[in-house]
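K.L.:
Residue numbers (full-length UniProt numbering): 1 to 769. Think of the CB as a built atom: it goes at the ideal place given N, C-alpha and C, for glycine as much as any other residue. My questions all concern the structure below.
The structure is reproduced here in structure tokens:
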């Protein structure tokens with residue numbers, strides 16, 4: 001049976017790269033020198049990357065005004081420092097069955113005094129020093145004297161809860177929790193503990209010195225969360241890398257039934273991970289949250305899959321009686337191109353993440369690209385080199401005794417059934433793919449900040465307490481601006497702020513909104529905005545400046561946002577925006593808008609979907625082009641789309657049925673899994689092209705490819721799943737989601753490559769010459 005013109009061109013195109021890989025065996029010393037050089041550079045990256053690459057300088061930021069409104073905001077204001085309302089370095093949550101008792105009040109004062117005595121503490125903000133809200137500006141302590149009666153303490157509690165700067169803002173509604181906000185003097189910080197555990201321990205020690213109190217403490221805030229996440233990531237990097245390597249090697253020993261083969265295969269990806277993490281230090285990418293658990297496991301698994309394909313071929317050649325050098329050269333010639341193509345397409349899949357909107361996703365994409373490239377170098381250099389040393393003399397030991405090798409022959413009925421019923425399988429696969437793509441499109445985007453935190457531990461518990469008792473740790477605001485035609489002391493300004501407050505208070509998920517209108521309402525007296533506008537001038541200057549800047553024609557209302565997933569706030573923000581638009585229309589000359597990081601994340605939530613579509617679409621398109629060029633066949637490129645996209649659609653469908661949302665980690669997982677899933681397709685297609693040289697019977701070529709490649713595909717799938725299972729032991733939600741999606745995608749990819757791909761190749765055999 002004659003070959004098609006496209007296929008004969010395939011053969012001519014593919015020969016040169018395979019022979020090129022085979023020639024690596026003839027330059028063993030050069031290969032060894034390359035390994036030593038890369039290892040040296042990576043090691044210097046761990047020690048001090050500036051020895052080779054000088055530290056970069058930060059780019060200057062242009063602070064020049066860009067509009068007339070910005071120019072107005074440059075006007076001079078009185079030299080008054082506005083009261084700090086949010087953005088503290090750390091937040092100490094203090095709990096008690098009743099804070100308003102003599103013992104609790106004394107203990108809390110003693111705790112604050114002790115914190116202020118610490119050299120690393122710059123300032124402490126707590127409810128006893130809340131700015132006064134009276135027409136005389138006289139400060140009144142929140143707690144009465146220790147000798148006061150119980151009724152005095154109860155009255156003090158009611159008064160504190162009615163103060164908008166305290167109730168809900170610094171004191172929970174039940175009076176059992178309060179916030180002590182701390183700013184750090186970084187000049188006196190010697191280590192991470194100075195601004196985390198040392199603060200809590202000092203508070204606990206101070207409280208224990210006062211009899212009769214039951215104060216307990218939790219630590220949260222920007223600095224503790226960042227340091228905890230960084231410390232956890234560094235610990236997880238070592239822990240899960242060890243777990244993954246041990247688990248993977250155990251699985252490989254069971255499957256290969258040869259310790260030497262497993263050791264050689266494991267050394268290559270292990271060295272690839274070492275190179276990757278060392279080289280990342282040169283690009284200042286080592287602190288990406290996905291780099292400490294996901295990246296090492298991912299890179300080692302990608303390298304291990306290519307190593308398995310190479311080792312299976314080397315063992316087969318050695319078992320056939322070929323000497324070590326010839327067996328290794330032949331194996332490189334047979335699978336070198338496929339390994340190169342899989343690394344290229346995997347890098348394309350990972351690299352497409354650089355098109356994403358989120359910086360974390362972009363950095364993770366580039367980190368994966370670097371890891372895939374250097375791990376491929378490790379695989380094609382370390383494994384052949386070791387197989388030609390005394391260590392590899394008995395690498396074929398256990399060949400044909402492995403569990404997969406002994407049992408896979410019984411599965412040949414599967415490919416026979418697929419070939420006989422190829423139309424049913426091919427059409428069923430394409431229709432199933434279309435249905436699952438439609439279902440996957442129902443995924444809705446979401447984002448939550450606690451996903452990167454451990455599911456157990458003080459950090460998450462403190463955030464949940466903040467959500468429950470104080471409406472959230474994160475803050476957002478409504479910015480109000482008026483034109484120069486509106487006088488800043490006009491009653492209309494207060495009226496607008498009252499309407500803004502009402503719009504915010506109408507939403508249960510909006511936590512404790514506060515503005516000049518809230519403060520004025522808490523002051524004595526009655527009347528409408530026209531009657532009470534003058535009270536703004538009686539507010540403490542520092543407090544007033546926090547919400548109101550008359551020289552700039554601006555005011556703001558601040559509120560808290562819970563970490564429930566920003567998508568949950570979508571309808572809330574939409575309703576608030578509608579009310580704000582109505583306010584602006586009713587008051588010409590005023591601009592009223594939502595602002596803050598939470599609002600920005602909500603507005604850009606759709607970007608997660610855009611990122612996924614852009615990264616996946618780009619990766620699929622480029623992979624299709626690459627495969628069409630390499631195999632010199634547009635037909636092959638089109639056929640490969642089905643088994644490559646099927647695993648992603650299947651995983652997306654399961655996520656929809658499980659009620660999950662589309663998050664940033666999902667974008668990373670989908671794109672990364674595409675890069676891995678396409679590997680099996682490439683190995684099958686490469687072997688199919690090889691077998692087509694030997695027979696004109698395409699059905700027979702498919703059977704031989706199924707038998708020859710199926711063993712390696714099953715081994716790599718089992719090992720990949722085993723590796724992802726180790727990430728499930730992480731107590732971080734992002735890592736667990738990534739692992740689950742990886743397991744689902746890899747297993748469905750094996751099904752697609754062993755069922756749908758042979759059916760499609762049979763159904764669309766191509767034109768004959």
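Do residue 668 and residue 647 come within 8 Å of each other at the CB atom, strictly closer than that value?
P.N.:
For residue 647 and residue 668, no; Cβs fall outside 8 Å.
K.L.:
Can the beta-carbon of residue 164 be found less than 8 Å from the beta-carbon of residue 196?
P.N.:
No.
K.L.:
Spell out the partners DSSP gives residue 177 in its beta bridges.
P.N.:
BP columns for residue 177 point to 95.
K.L.:
Residue range of the beta strand (DSSP E) that residue 23 falls in?
P.N.:
From DSSP, residue 23 is part of no beta strand (DSSP E); its letter is neither H nor E.
K.L.:
Report the start-end ranges of each alpha helix (DSSP H) in the segment 605-664 that is 4 residues or longer and not cut off at the edges.
P.N.:
Within the segment 605-664, the complete alpha helix (DSSP H) runs of at least 4 residues are 606-630 and 634-657.
K.L.:
What number of angstroms, rounded off, separates the C-alpha of residue 360 from the C-alpha of residue 230?
P.N.:
Roughly 14 Å separates the two Cα atoms.
K.L.:
Using a Cβ-Cβ cutoff of less than 6 Å, which residues in the same chain neighbour residue 368 once the five nearest sequence positions on both sides are dropped?
P.N.:
For residue 368, where only same-chain residues beyond five positions count, the Cβ hits under 6 Å are 350.
K.L.:
Between 37, 454 and 297, which lies nearest to residue 732 when the distance is taken from Cα to Cα?
P.N.:
Residue 454 is the option with its Cα nearest to residue 732.
K.L.:
Could you check which residue in 120, 685, 118 and 143 has the C-alpha nearest to that of residue 128?
P.N.:
Comparing Cα positions, the closest option is 143.
K.L.:
Does the segment 373-389 come within contact of the segment 263-276, defined as at least 3 CB pairs closer than 8 Å?
P.N.:
Verdict: yes, contact present.
K.L.:
Applying the criterion that 16 or more other CB atoms from any shown protein chain within 10 Å of the CB defines a buried residue, is residue 66 buried or exposed?
P.N.:
In this prediction, residue 66 scores a pLDDT of 43, lower than 50, which makes its location untrustworthy; no coordinate-derived value is stated.
K.L.:
Can you name, in chain order, every residue of its own chain whose Cβ lies under 8 Å from the Cβ of residue 110, other than the five neighbours on each side?
P.N.:
Cβ neighbours of residue 110 beyond the five flanking positions: 206, 207, 209 and 210.
K.L.:
Please state whether DSSP places residue 454 in a helix, a strand or coil.
P.N.:
Residue state, collapsed to three classes: strand.
K.L.:
At what residues does the alpha helix (DSSP H) containing residue 477 begin and finish?
P.N.:
Here residue 477 belongs to no alpha helix (DSSP H); instead the beta strand (DSSP E) covers 474-482.
K.L.:
At the level of alpha carbons, what is the spacing between residue 809 and residue 23?
P.N.:
Outside the modelled stretch of the chain, which goes from 1 to 769, sits residue 809, for which no answer is possible.
K.L.:
Enumerate in chain order the residues of its own chain whose CB-to-CB distance from residue 742 is below 7 Å, with the five nearest sequence positions on each side excluded.
P.N.:
For residue 742, where only same-chain residues beyond five positions count, the Cβ hits under 7 Å are 669, 673 and 724.
K.L.:
Sorted by chain position, which residues of the same chain lie with C-beta nearer than 6 Å to residue 46's C-beta, five sequence neighbours on each side aside?
P.N.:
Around residue 46: 278.
K.L.:
Pick out whichever of 304, 611 and 378 has its Cα sitting closest to the Cα of residue 828.
P.N.:
Any question about residue 828 goes unanswered here, given that the chain covers just 1 to 769.
K.L.:
Do you know offhand how far residue 714's Cα is from residue 182's?
P.N.:
If I take the Cα positions, the gap works out to 56 Å.
K.L.:
Buried or exposed, going by whether 16 or more other CB atoms sit within 10 Å of the CB of residue 84?
P.N.:
Result: exposed.
K.L.:
Whole-angstrom Cβ separation of residue 510 and residue 559, contact assumed at under 8 Å?
P.N.:
That pair is a contact at about 5 Å.
K.L.:
Hey, quick one: how far does the beta strand (DSSP E) through residue 125 stretch, first residue to last?
P.N.:
That run of the beta strand (DSSP E) goes 121-125.
K.L.:
Considering only their Cβ atoms, is the gap separating residue 566 from residue 387 smaller than 8 Å?
P.N.:
No; because the gap between Cβ atoms is not below 8 Å, this pair is not in contact.
K.L.:
Please return the same chain residues whose Cβ sits closer than 6 Å to the Cβ of residue 691, not counting the five positions on each side in sequence.
P.N.:
Contacts found: 701, 704 and 705.
K.L.:
Mark residue 193 as exposed unless 16 or more other C-beta atoms lie within 10 angstroms of its C-beta, in which case mark it buried.
P.N.:
Exposed.
K.L.:
What residue range does the beta strand (DSSP E) around residue 595 cover?
P.N.:
590-595 is the span of the beta strand (DSSP E), which, as asked, contains residue 595.
K.L.:
On the DSSP bridge list, what partners appear for residue 777?
P.N.:
Because residue 777 is not part of the residues shown, which for the chain are 1 to 769, the question remains open.
K.L.:
Can you tell which of 695, 679 and 699 has its C-alpha closest to the C-alpha of residue 752?
P.N.:
Comparing Cα positions, the closest option is 679.
K.L.:
Which word fits residue 600, buried or exposed, when buried means at least 16 other C-beta atoms lie within 10 angstroms of its C-beta?
P.N.:
Exposed.
K.L.:
In chain order, what residues of the same chain lie with their CB nearer than 8 Å to the CB of residue 580, ignoring the 5 residues before and after it?
P.N.:
Closer than 8 Å at the Cβ level, and outside the excluded window around residue 580, lie 478, 500, 503, 592, 593 and 594.
K.L.:
Could you check where the beta strand (DSSP E) with residue 559 kicks off and where it finishes?
P.N.:
Residue 559 -> beta strand (DSSP E) spans 554-561.
K.L.:
Exposed or buried, which one is residue 765 when buried takes at least 16 other CB atoms within 10 Å?
P.N.:
That one is exposed.
K.L.:
Rounded to whole angstroms, what's the CA-CA distance from residue 202 to residue 150? Just pull it up for me.
P.N.:
Those two C-alpha atoms are separated by around 29 Å.
K.L.:
Keeping to the same chain, check which residues put their C-beta closer than 8 Å to that of residue 639; ignore five residues upstream and five downstream.
P.N.:
The answer, listed in chain order, is 757, 760, 761 and 764.
K.L.:
Which word fits residue 329, buried or exposed, when buried means at least 16 other C-beta atoms lie within 10 angstroms of its C-beta?
P.N.:
With 16 or more Cβ atoms within 10 Å of its Cβ, residue 329 is classed as buried.
K.L.:
Give every residue of the same chain whose Cβ lies closer than 6 Å to the Cβ of residue 709, excluding the five residues on either side of it in the sequence, and list them in chain order.
P.N.:
Closer than 6 Å at the Cβ level, and outside the excluded window around residue 709, lie 683, 684 and 687.
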